[in-house]
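Asks:
Residue numbers (the UniProt record's numbering): 1 to 448.
#1: Take residue 221 and list the residues in its own chain whose beta-carbon comes closer than 6 Å to its own, dropping the five residues that flank it on each side.
#2: Following the continuous alpha helix (DSSP H) through residue 418, name the residue where it begins and the one where it ends.
#3: Assuming residue 172 and residue 88 are in contact, meaning their beta carbons sit under 8 Å apart, how far apart are those beta carbons, in whole angstroms?
#4: Could you please give me the residues that DSSP links to residue 351 through a beta bridge?
#5: Report back the beta-carbon spacing between residue 223 and residue 212 to the nearest angstrom; my notes put them in contact at under 8 Å.
#6: On the CB-based measure, 16 or more other CB atoms within 10 Å of its CB, does residue 374 come out buried or exposed?
#7: On a Cα-Cα basis, can you pick out the residue from 216, 188, 417 that is closest to residue 31?
#8: Using the rule of at least 16 other Cβ atoms within 10 Å of the residue's Cβ for burial, across every protein chain shown, is residue 43 buried or exposed?
#9: Does the count of Cβ pairs from the region 119–136 and the region 370–386 closer than 8 Å reach three?
#10: For a test of the three-state rule: what should DSSP assign to residue 320, helix, strand or coil?
#11: Taking the C-alpha atoms as reference points, what is the distance between residue 346 and residue 210?
#12: From the DSSP secondary-structure annotation, give me the bridge partner or partners of residue 160.
#13: Identify the continuous beta strand (DSSP E) that holds residue 239 and give its terminal residues.
#14: Could you give the distance in angstroms between the alpha-carbon of residue 21 and the alpha-carbon of residue 385?
#15: Just the C-alpha distance for residue 310 and residue 421, rounded to the nearest angstrom, thanks.
#16: Hey, could you find the ends of the alpha helix (DSSP H) residue 525 is sitting in?
#17: Can you list, in chain order, the residues of its chain with a C-beta nearer than 8 Å to that of residue 174? Leave out the 5 residues immediately preceding and following it.
#18: What number of angstroms, rounded off, separates the C-alpha of residue 23 from the C-alpha of residue 425?
#19: Please specify which runs of the alpha helix (DSSP H), each continuous and at least 4 residues long, are wholly inside the region 104–148, giving them in chain order.
#20: Whose CA, out of 324, 273, 413, 198, lies closest to the CA of residue 449?
#21: Residue 137 to residue 207, Cα distance in whole Å?
#22: Have a look at residue 10 and residue 406 and give me their C-alpha separation to the nearest angstrom.
#23: Taking CB distances under 8 Å as the criterion, tell me whether residue 227 reaches chain C.
#24: Run the CB neighbour count on residue 72, radius 10 Å, all protein chains shown included, and call it buried at 16 or more, exposed below.
#25: Tell me the rounded alpha-carbon separation between residue 394 and residue 266.
#26: Determine the closest residue to residue 216 out of 26, 57, 287, 272, with distance taken between C-alpha atoms.
#27: I need the boundaries of the alpha helix (DSSP H) containing residue 220, first residue and last residue.
#28: To the nearest angstrom, how far is the alpha carbon of residue 423 from that of residue 369?
#29: So residue 237 and residue 337 are supposed to be a Cβ contact under 8 Å. How far apart are they, rounded?
#30: Going by C-alpha to C-alpha distance, which of 75, 79, 117 sits closest to residue 94?
#31: Tell me where the alpha helix (DSSP H) around residue 308 begins and ends.
#32: Where are the alpha helix (DSSP H) runs, 4 residues long or more, that stay fully inside the region 257–284, in chain order?
#33: If you run the structure through DSSP and keep just helix, strand and coil, what is residue 85?
#34: Starting from the Cα of residue 164, find the closest Cα among 26, 292, 274 and give me that residue.
#35: Hey, out of 410, 140, 34, 170, whose CA is closest to residue 434's CA?
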């Protein structure tokens with residue numbers, strides 16, 4: 001079953017922002033009760049691990065030579081992107097479904113989510129013989145719809161963000177007598193996420209810091225619950241995108257509150273509220289928070305691709321971005337583990353993410369030049385550009401929309417360089433030739 005909610009096509013980016021700003025809980029989930037939040041014990045996490053260990057991967061926690069050298073510390077990457085469906089969500093999904101099976105309740109499960117939780121539930125629902133209905137936001141990648149259906153799940157496309165999709169899933173479960181399982185705050189989901197900490201502490205002895213991406217809070221809460229019992233000296237640092245800051249707002253207000261979210265490199269980060277159970281679990285534990293800009297997130301995605309040879313989604317790049325930008329303090333000479341939560345990059349957006357990363361790393365410049373509209377002008381510009389070893393990526397021509405006469409053309413070049421020094425060399429060469437007719441744009445350089 002596949003159904004769509006019709007919405008206006010005017011400015012999808014702004015539609016998302018409006019809906020996110022207004023998003024709030026309009027249903028009551030008894031498994032995520034603000035007045036009676038649940039706690040999580042180490043015993044429950046260990047039980048979850050015994051329950052799921054034969055159905056998920058014990059992912060590697062490998063030292064990163066690049067980040068270790070950059071930070072003068074030992075940095076390890078916990079690669080949850082290596083799970084079958086590409087994210088840590090499999091742990092919680094399998095644990096929650098197996099708990100239902102133990103209770104002899106193999107009734108239909110309804111979930112509202114973006115890609116990671118939906119595909120994890122669809123995959124493990126098929127393995128365990130439990131029917132799954134995935135309610136997905138309207139702007140979900142088409143590949144996610146296909147993947148969920150390939151696993152045998154029913155798919156409903158409704159809502160323009162995770163909050164709306166979860167509400168629809170909850171209502172469908174209520175009407176049909178099925179089971180609604182929240183992908184961020186259900187206690188069995190959190191316990192499954194906490195099993196990551198058991199593997200980290202087994203694989204990396206005497207770890208000093210674990211850096212964890214944060215959206216709805218389940219991953220952070222699960223890891224915190226395990227680490228504070230097994231390794232109380234280990235710091236757990238939560239990292240969130242500045243586009244979605246529900247964790248820091250919850251800490252600021254002393255409780256989860258609804259916040260305005262913005263579009264992000266990873267849709268899974270756009271959570272309007274931190275989980276009630278998750279907040280209750282971490283409450284009272286010393287908590288550190290790092291906030292990452294979207295450009296730094298793009299740079300981290302690029303660096304992971306270039307230096308570690310695999311793609312990560314925005315949420316998966318949060319922890320490396322925090323370490324890379326120095327927002328995790330006091331790590332010199334220490335053992336640091338970055339949780340790579342997922343690697344499900346929307347293939348239609350990967351190129352744009354890479355370009356944003358190149359800009360953030362000062363390796364992509366925009367050159368604007370006014371030239372006489374006659375043969376040879378563009379050829380000369382390209383020869384000057386290539387003489388420095390720079391690579392022209394895209395060329396744009398504007399014949400009319402500029403301030404000069406019809407015999408002038410405005411050329412725009414996107415140029416790839418090796419970095420700031422190389423870009424400065426190119427700028428000087430072009431400036432000597434074109435003078436005031438040149439504008440040169442880079443992230444750390446004003447237009448000149």
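Ideal placement from N, C-alpha and C gives every residue a C-beta, glycine not left out.
Keep in mind the model is a prediction, meaning the values are calculated, not measured.
Replies: Taking the structure as given:
#1: Locating residue 221 in the chain shown gives position 221, counting from the first residue. Within the same chain, residue 221 has close Cβ partners 190, 278, 281, 282.
#2: Residue mapping note: residue 418 aligns to position 418 of the chain shown, counting from 1. That residue, residue 418, is in no alpha helix (DSSP H); it is neither H nor E in DSSP.
#3: By 1-based counting over the chain shown, the position of residue 172 is 172. By 1-based counting over the chain shown, the position of residue 88 is 88. About 26 Å separates the CB atoms of residue 172 and residue 88; that is not less than 8 Å, and the two are not in contact.
#4: Translated into the one-based positions of the chain shown, residue 351 becomes position 351. Note: residue 351 sits in no beta bridge, so no partner.
#5: Looking up residue 223 in the chain shown gives position 223. Looking up residue 212 in the chain shown gives position 212. Contact check for residue 223 and residue 212: beta-carbon distance about 6 Å, within the 8 Å limit, so the pair qualifies.
#6: Walking along the chain shown from the start, residue 374 turns up at place 374. The residue is exposed, with fewer than 16 neighbouring Cβ atoms inside 10 Å.
#7: Locating residue 31 in the chain shown gives position 31, where the first residue counts as 1. Residue 188 is the option with its Cα nearest to residue 31.
#8: One-based indexing of the chain shown puts residue 43 at position 43. Result: exposed.
#9: no
#10: Numbered from its first residue, the chain shown carries residue 320 at position 320. Reduced to three states, the DSSP call for residue 320 is helix.
#11: The residue you call residue 346 lines up with position 346 of the chain shown. The residue you call residue 210 lines up with position 210 of the chain shown. If you take the alpha carbons of residue 346 and residue 210, they lie about 27 Å apart.
#12: To locate residue 160, count along the chain shown from 1; it is residue 160. The partner list for residue 160 (beta bridge, DSSP) is empty, contrary to what the question assumes.
#13: Along the chain shown, one-based indexing puts residue 239 at 239. From DSSP, the beta strand (DSSP E) with residue 239 extends over 235–241.
#14: Counted from its first residue, the chain shown places residue 21 at position 21. Counted from its first residue, the chain shown places residue 385 at position 385. Model confidence at residue 21 stands at a pLDDT of 40, short of 50, so the residue's coordinates are unreliable; what they give is reported in the following sentence. Going from the Cα of residue 21 to the Cα of residue 385 covers about 45 Å.
#15: In the chain shown, counting from the first residue as 1, residue 310 sits at position 310. In the chain shown, counting from the first residue as 1, residue 421 sits at position 421. Taking the straight line from one Cα to the other gives about 28 Å.
#16: Given a span of 1 to 448 for the chain in the structure shown, any question on residue 525 remains unanswerable.
#17: Taking the first residue of the chain shown as 1, we reach residue 174 at position 174. Cβ neighbours of residue 174 beyond the five flanking positions: 180.
#18: Residue numbering aside, residue 23 sits at position 23 when the chain shown is read from its first letter. Residue numbering aside, residue 425 sits at position 425 when the chain shown is read from its first letter. With a pLDDT of 47 at residue 23, under the threshold of 50, the modelled position of this residue cannot be trusted; read the value that follows with caution. Using only the alpha carbons, I get a separation of about 49 Å.
#19: Runs of the alpha helix (DSSP H) inside the region 104–148: 115–128.
#20: Here the chain comprises residues numbered 1 to 448, so residue 449 is not present and cannot be evaluated.
#21: Along the chain shown, read from residue 1 onward, the residue named residue 137 stands at position 137. Along the chain shown, read from residue 1 onward, the residue named residue 207 stands at position 207. Residue 137 and residue 207: Cα-Cα distance of roughly 38 Å.
#22: One-based indexing of the chain shown puts residue 10 at position 10. One-based indexing of the chain shown puts residue 406 at position 406. Interpretation of residue 10 is limited by its pLDDT of 37, a score under 50 that renders its predicted location unreliable; the figure taken from the coordinates is listed afterwards. Taken atom to atom, the span from the alpha-carbon of residue 10 to that of residue 406 is near 34 Å.
#23: Here chain C cannot be found, since the structure has a single protein chain.
#24: Working through the chain shown from its first residue, we reach residue 72 at position 72. Result: exposed.
#25: Walking along the chain shown from the start, residue 394 turns up at place 394. Walking along the chain shown from the start, residue 266 turns up at place 266. Computed Cα separation, rounded: 26 Å.
#26: Against the chain shown, residue 216 aligns to sequence position 216. That would be 272, whose Cα lies nearest to the Cα of residue 216.
#27: By one-based count along the chain shown, residue 220 stands at place 220. That run of the alpha helix (DSSP H) goes 218–230.
#28: As a first step, residue 423 must be located in the chain shown, where it is residue number 423. As a first step, residue 369 must be located in the chain shown, where it is residue number 369. The straight-line gap from Cα to Cα measures roughly 16 Å.
#29: If you number the chain shown from 1, residue 237 lands on position 237. If you number the chain shown from 1, residue 337 lands on position 337. Wrong, their Cβ atoms sit about 10 Å apart, outside the cutoff.
#30: Taking the chain shown and counting its residues from 1, the one referred to as residue 94 is at position 94. Of the listed residues, the one whose Cα sits closest to residue 94 is 117.
#31: Walking along the chain shown from the start, residue 308 turns up at place 308. Looking at the DSSP string, the run of the alpha helix (DSSP H) that includes residue 308 is 294–308.
#32: 276–282
#33: Looking up residue 85 in the chain shown gives position 85. It is coil, neither helix nor strand.
#34: Counted from its first residue, the chain shown places residue 164 at position 164. Closest by alpha carbon: 26.
#35: Within the chain shown, the letter at position 434 stands for residue 434. Considering only 410, 140, 34, 170, the residue with the shortest C-alpha distance to residue 434 is 410.
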